[in-house]
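Enquirer: Taking my numbering, the leading residue of the sequence shown gets 358, the next gets one more, and so forth.
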Amino acid sequence: MADIDFEDKGSVLNPLRAWAFLGRKPVTEPLEPRLASLNYRGFHLNDWEKCIGCSTCQKVCDNAAITMVRIPGLPQDPVKGVRNERPAIDYGRCCWCGLCVDICPTGSLSLSREYVHTCTDDQLSSYFVLPDPKGMHGKYYGHGWTKTADSDLVDLVRQPMAELEPQARSANFDEIVAGYDDQQALLEASRCVQCGMCHDACPTHMNAPEYIRAIWEGKVEEAVRWIYETNPFSHVCGRVCTHRCEDACSVGRRGTPIAIRWLKRYAMDAVPHERVKQIAAAGRLTHASGRRVAIVGAGPAGLTAAFDLARKGHGVTVFEALDKPGGMTRWGIPEYRLPYDKLDQDIDVIRSVGVDIRCNVRIGRDITLEQLRSDYDAVLIALGLQTGRSTRVPNSEHPQVRKSVELLRQVTAGEDIGTPRSAVVIGGGNVAMDIARTGPQECLVDAQGRLTGLRTWRVKAIFDEQGRFAPSYDSDDERIHPGEMVVEAIGQASDTSLLGDALTEKLEWRRGRLDVDAGGRTSEPWLWAAGDMVRGPDVVNAVADGHRVAASIHAHIGVPETVR
358 MADIDFEDKG SVLNPLRAWA FLGRKPVTEP LEPRLASLNY RGFHLNDWEK
408 CIGCSTCQKV CDNAAITMVR IPGLPQDPVK GVRNERPAID YGRCCWCGLC
458 VDICPTGSLS LSREYVHTCT DDQLSSYFVL PDPKGMHGKY YGHGWTKTAD
508 SDLVDLVRQP MAELEPQARS ANFDEIVAGY DDQQALLEAS RCVQCGMCHD
558 ACPTHMNAPE YIRAIWEGKV EEAVRWIYET NPFSHVCGRV CTHRCEDACS
608 VGRRGTPIAI RWLKRYAMDA VPHERVKQIA AAGRLTHASG RRVAIVGAGP
658 AGLTAAFDLA RKGHGVTVFE ALDKPGGMTR WGIPEYRLPY DKLDQDIDVI
708 RSVGVDIRCN VRIGRDITLE QLRSDYDAVL IALGLQTGRS TRVPNSEHPQ
758 VRKSVELLRQ VTAGEDIGTP RSAVVIGGGN VAMDIARTGP QECLVDAQGR
808 LTGLRTWRVK AIFDEQGRFA PSYDSDDERI HPGEMVVEAI GQASDTSLLG
858 DALTEKLEWR RGRLDVDAGG RTSEPWLWAA GDMVRGPDVV NAVADGHRVA
908 ASIHAHIGVP ETVR
């Protein structure tokens with residue numbers, strides 16, 4: 358074996374030289390605290406007052422590090438877009454990328470400057486944290502990463518909607534709202550964060566996130582499929598829906614909500630009508646059940662129920678007193694808001710699945726409810742609010758004092774309404790008298806019997822101390838409003854005379870509306886009710902009512918099915 362040459366390292370006593378420094382003062386440098394960068398991504402903070410539980414952070418997380426946890430005691434209100442859930446973070450999965458912060462619609466989430474946490478083996482669950490404003494350990498270390506204008510992933514500005522110029526509106530009844538073109542629809546759909554708050558708020562629980570995503574992907578036929586899952590009045594609701602979904606939209610917390618209604622309209626207008634009929638027919642049962650259902654009233658509630666029941670194989674006949682179907686969507690909404698050809702397309706789709714609509718058939722005159730009860734397995738009455746209310750002030754019975762719904766019906770029918778040079782309208786919208794600033798006292802008529810105007814007093818209070826509608830007036834503050842016609846737009850009611858006195862007496866009523874169970878069934882087991890006479894005037898609620906009643910009737914005469 359070759360010899361190994363070890364380098365001489367010196368004396369073995371060399372380490373003892375360190376003792377020479379034992380009594381000397383050490384040389385030190387002060388240790389300054391090393392703070393993290395101001396935008397360091399530490400543990401999460403969440404402002405629970407801002408957070409609405411939309412779960413957008415959970416959806417964007419590629420590591421599945423976020424779980425929505427239900428918190429007892431927190432408010433839950435789908436109509437307002439609030440869920441009683443808050444995000445919990447699994448720090449065994451989190452990579453601190455900050456996408457959850459950048460996508461948060463409300464801006465409640467941020468990352469702190471706290472980034473040290475230790476635990477023993479039996480405390481591994483402490484890595485699963487429900488962040489709040491106090492921080493990981495109950496001590497606030499300051500905000501680290503927060504979204505900026507550059508990092509914010511939420512587009513807060515809605516695509517503008519073109520409208521007919523005011524000068525052009527006075528010359529015709531053309532539709533005022535132009536609708537989105539392809540590029541506008543794509544950009545608007547791209548703003549959606551897919552949180553589903555709109556779905557929860559919608560009375561029909563429309564699949565809005567799904568059809569909006571389909572529009573964004575350029576799949577308009579797929580969008581129509583999603584729309585027809587829950588709403589056969591898609592052209593109508595794409596134009597005149599009360600769009601409560603947009604009130605709940607999480608993007609609307611900091612910006613303008615997604616134009617959910619206009620996107621529905623875009624999808625429906627983009628697909629040819631015959632193709633829409635094919636899409637709507639998908640899933641329809643081809644064999645007849647042998648059961649028959651009679652529906653009184655061809656408005657949104659009645660026709661939605663008819664659509665659902667016909668798709669399940671039942672024979673459905675709809676009886677309509679007027680010469681065209683559509684109910685108040687035809688006779689109560691002017692064409693510049695809802696073109697009648699679009700309404701007709703919705704109704705044609707409903708007819709195409711086998712619904713038989715018989716117009717000019719008045720219950721009580723042409724056929725009785727007892728006959729329907731005898732001839733059909735179930736009867737549904739779905740009446741709209743087709744009669745107007747009156748102020749009943751002196752001279753309100755004058756021929757030139759008109760009720761708004763009757764006037765609109767005449768305009769729709771193309772009748773001459775004798776357009777006056779000036780007119781006075783009593784009311785201020787759907788609720789009319791209860792928000793009017795002046796109270797009508799008398800319709801003024803001259804010595805020749807001609808209507809000359811309206812006398813009003815200023816309203817001092819609308820409700821009494823108990824919150825009941827009881828307006829009080831200041832008679833010293835009187836005004837005269839000249840006009841050759843007075844239009845009363847102070848509310849509407851259903852014409853329930855077709856029920857007859859005996860049945861009206863048997864049925865249960867609540868504040869002037871028919872009382873029904875969750876499935877729309879009245880106190881008479883053979884009779885269901887839906888629509889405005891049950892819920893009040895609202896198209897999308899009428900559609901939702903139609904779905905509920907159809908499920909209840911189907912469960913009664915066919916295969917049981919969960920009521921929506």
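Note that beta-carbon positions come from the ideal geometry of N, C-alpha and C, so glycine has one too.
With a CB to CB cut of under 6 Å and the five nearest residues on each side skipped, what residues in its chain are close to PHE530?
Expert: Here the question's residue 530 lines up with position 173 in the sequence shown. The answer, listed in chain order, is GLU692 and TYR693.
Enquirer: Name the residue from CYS461, ALA542 and PRO751 whose alpha carbon lies nearest to the alpha carbon of LYS576.
Expert: Numbered from 1 along the sequence shown, position 219 holds the residue referred to as residue 576. Ranking the options by Cα distance to LYS576, first place goes to ALA542.
Enquirer: Is it buried or exposed for LEU388, if we count other Cβ within 10 angstroms and need 16 for buried?
Expert: For the purposes of this step, residue 388 is taken as the residue at position 31 of the sequence shown. Counting Cβ neighbours within 10 Å, LEU388 comes out exposed, since fewer than 16 surround it.
Enquirer: Helix, strand or coil: how does DSSP classify ALA780 here?
Expert: Here the question's residue 780 lines up with position 423 in the sequence shown. Residue state, collapsed to three classes: strand.
Enquirer: Out of ALA580, LEU379 and GLY810, point me to the one whose CA is closest to VAL844's CA.
Expert: As a working mapping, residue 844 is identified with position 487 in the sequence shown. It is GLY810 whose Cα lies nearest to the Cα of VAL844.
Enquirer: Drop a sphere of 10 angstroms on the beta-carbon of GLU603, count the other beta-carbons inside from all chains shown, and report buried for 16 or more, exposed for fewer.
Expert: Reading the sequence shown from its first residue, position 246 is the one you call residue 603. Label assigned to GLU603: buried.
Enquirer: What residue range does the beta strand (DSSP E) around LEU737 cover?
Expert: Looking up residue 737 in the sequence shown gives position 380. Segment 735-738, the beta strand (DSSP E) holding LEU737.
Enquirer: What runs of the alpha helix (DSSP H), each 4 residues or longer, lie entirely inside the segment 442-530?
Expert: If we require 4 residues or more, the alpha helix (DSSP H) runs fully inside the segment 442-530 come out as 456-460 and 523-526.
Enquirer: Classify ASP833 as helix, strand or coil using the three-state DSSP reduction.
Expert: Working through the sequence shown from its first residue, we reach residue 833 at position 476. Strand at ASP833.
Enquirer: Just to confirm, are TRP573 and SER547 a CB contact at a threshold of 7 Å?
Expert: Your numbering for residue 573 matches position 216 in the sequence shown. Your numbering for residue 547 matches position 190 in the sequence shown. Cβ atoms of TRP573 and SER547: closer than 7 Å.
Enquirer: Just to check my reading of the structure: ILE707 and ALA663 have Cβ atoms closer than 8 Å, yes? What is that Cβ distance to the nearest angstrom?
Expert: As a working note, residue 707 is residue 350 in the sequence shown. As a working note, residue 663 is residue 306 in the sequence shown. ILE707 to ALA663, Cβ: 6 Å. Contact.
Enquirer: Within the same chain, show all residues whose beta-carbon is closer than 8 Å to that of LEU801, passing over the 5 residues directly before and after it, in chain order.
Expert: Your numbering for residue 801 matches position 444 in the sequence shown. Taken in chain order, the residues that qualify are ASN752, LEU808, THR809, GLY810, LEU811, ARG812 and ILE837.
Enquirer: Taking buried to mean at least 16 other C-beta atoms within 10 Å of its own C-beta, is TRP376 buried or exposed?
Expert: Translated into the one-based positions of the sequence shown, residue 376 becomes position 19. TRP376 should be labelled exposed.
Enquirer: Could you give the DSSP three-state label for ILE584: helix, strand or coil?
Expert: For the purposes of this step, residue 584 is taken as residue 227 along the sequence shown, with counting starting at 1. Looking at ILE584 - three-state DSSP - the assignment turns out to be helix.
Enquirer: Please classify GLU442: is it buried, with 16 or more other beta-carbons within 10 angstroms of its beta-carbon, or exposed?
Expert: For the purposes of this step, residue 442 is identified with residue 85 of the sequence shown, where counting begins at 1. So GLU442 counts as buried.
Enquirer: My output table needs one value for ALA377: the three-state DSSP class, helix, strand or coil.
Expert: In the sequence shown, the residue the question calls residue 377 occupies position 20. Looking at ALA377 - three-state DSSP - the assignment turns out to be helix.
Enquirer: Give me the residue from ASP626, GLY654 and GLN805 with the minimum Cα distance to ASP698.
Expert: Locating residue 698 in the sequence shown gives position 341, where the first residue counts as 1. Comparing Cα-Cα distances from ASP698 to each of ASP626, GLY654 and GLN805, the minimum goes to ASP626.
Enquirer: In this structure, how does DSSP classify VAL712 when only helix, strand and coil are distinguished?
Expert: Within the sequence shown, the letter at position 355 stands for residue 712. Note: VAL712 maps to coil in three-state DSSP.
Enquirer: Which same chain residues end up closer than 6 Å to PRO682 when comparing Cβ atoms and leaving out the 5 residues on each side of it in sequence?
Expert: Locating residue 682 in the sequence shown gives position 325, where the first residue counts as 1. The residues are ALA655, ILE704 and ILE714.
Enquirer: Would you check if the segment 733-743 and the segment 613-621 touch, i.e. whether three or more CB-CB distances between them fall below 8 Å?
Expert: No: fewer than three Cβ pairs fall under 8 Å.
Enquirer: Classify THR475: buried if its beta carbon has 16 or more other beta carbons within 10 angstroms, exposed otherwise.
Expert: As a position in the sequence shown, residue 475 is number 118, starting the count at 1. Its Cβ having fewer than 16 others within 10 Å, THR475 is exposed.
Enquirer: When the Cα atoms are used, what is the spatial distance from VAL417 to CYS461?
Expert: The residue you call residue 417 lines up with position 60 of the sequence shown. The residue you call residue 461 lines up with position 104 of the sequence shown. Using only the alpha carbons, I get a separation of about 10 Å.
Enquirer: Taking the Cβ atom as the reference point for each residue, do ALA605 and CYS555 lie within a distance shorter than 7 Å?
Expert: Position 248 of the sequence shown, counted from the start, is the residue given in the question as residue 605. Position 198 of the sequence shown, counted from the start, is the residue given in the question as residue 555. Yes.
Enquirer: Tell me whether the segment 746-760 and the segment 818-826 touch, counting them as touching only if at least three CB pairs, one residue from each stretch, are closer than 8 Å.
Expert: No: fewer than three Cβ pairs fall under 8 Å.
Enquirer: So, helix, strand or coil for ARG867, using DSSP?
Expert: Your numbering for residue 867 matches position 510 in the sequence shown. Of the three classes helix, strand and coil, the one that applies to ARG867 here is strand, per DSSP.
Enquirer: For HIS671, which of helix, strand or coil comes out of DSSP?
Expert: As a working note, residue 671 is residue 314 in the sequence shown. HIS671 falls in the coil class under three-state DSSP.
Enquirer: For GLN798, I'd like the list of residues in its chain whose CB is within less than 7 Å of its CB, leaving aside the five on either flank, ordered along the chain.
Expert: Reading the sequence shown from its first residue, position 441 is the one you call residue 798. Excluding positions up to five away in sequence, the list reads VAL750, ARG812, THR813 and TRP814.
Enquirer: Tell me the DSSP bridge mates of GLU799?
Expert: The residue given as residue 799 occupies position 442 in the sequence shown. Paired residue(s): ARG812.
Enquirer: Are the Cβ atoms of SER851 and LEU742 separated by less than 7 Å?
Expert: For the purposes of this step, residue 851 is taken as residue 494 along the sequence shown, with counting starting at 1. For the purposes of this step, residue 742 is taken as residue 385 along the sequence shown, with counting starting at 1. Against a cut-off of 7 Å, the Cβ pair of LEU742 and SER851 comes out as a contact.
Enquirer: Can the beta-carbon of ASP833 be found less than 7 Å from the beta-carbon of LYS817?
Expert: Numbered from its first residue, the sequence shown carries residue 833 at position 476. Numbered from its first residue, the sequence shown carries residue 817 at position 460. In this structure, LYS817 does not lie closer than 7 Å to ASP833 by Cβ.
Enquirer: Mapping the DSSP letters down to three states, classify ILE652 as helix, strand or coil.
Expert: For the purposes of this step, residue 652 is identified with residue 295 of the sequence shown, where counting begins at 1. ILE652: strand per DSSP, three-state reduction.
Enquirer: For ALA519, which residues from the same chain have a beta carbon less than 7 Å from its beta carbon, with the 5 sequence-adjacent residues on both sides left out?
Expert: One-based indexing of the sequence shown puts residue 519 at position 162. Excluding positions up to five away in sequence, the list reads ALA535.
Enquirer: Can you grab the Cα-Cα spacing for the pair GLN849 / HIS755, in whole Å?
Expert: Within the sequence shown, residue 849 is the residue found at index 492, counting from 1. Within the sequence shown, residue 755 is the residue found at index 398, counting from 1. GLN849 and HIS755: Cα-Cα distance of roughly 19 Å.
Enquirer: Whose CA, out of ALA770, LEU510, ASP434 and LEU764, lies closest to the CA of ALA780?
Expert: Counting from one through the sequence shown, the residue named residue 780 turns up at place 423. Nearest option by C-alpha distance: LEU764.
Enquirer: Given this structure, state the Cα-to-Cα distance separating PRO894 from VAL439, to the nearest angstrom.
Expert: The residue labelled residue 894 in the question sits at position 537 within the sequence shown. The residue labelled residue 439 in the question sits at position 82 within the sequence shown. Looking at the two C-alpha atoms, the distance is approximately 25 Å.
Enquirer: Rounded to a whole number of angstroms, what is the C-alpha to C-alpha distance between CYS552 and ARG778?
Expert: Taking the first residue of the sequence shown as position 1, residue 552 is located at position 195. Taking the first residue of the sequence shown as position 1, residue 778 is located at position 421. Near 52 Å, if we compare the C-alpha coordinates of ARG778 and CYS552.
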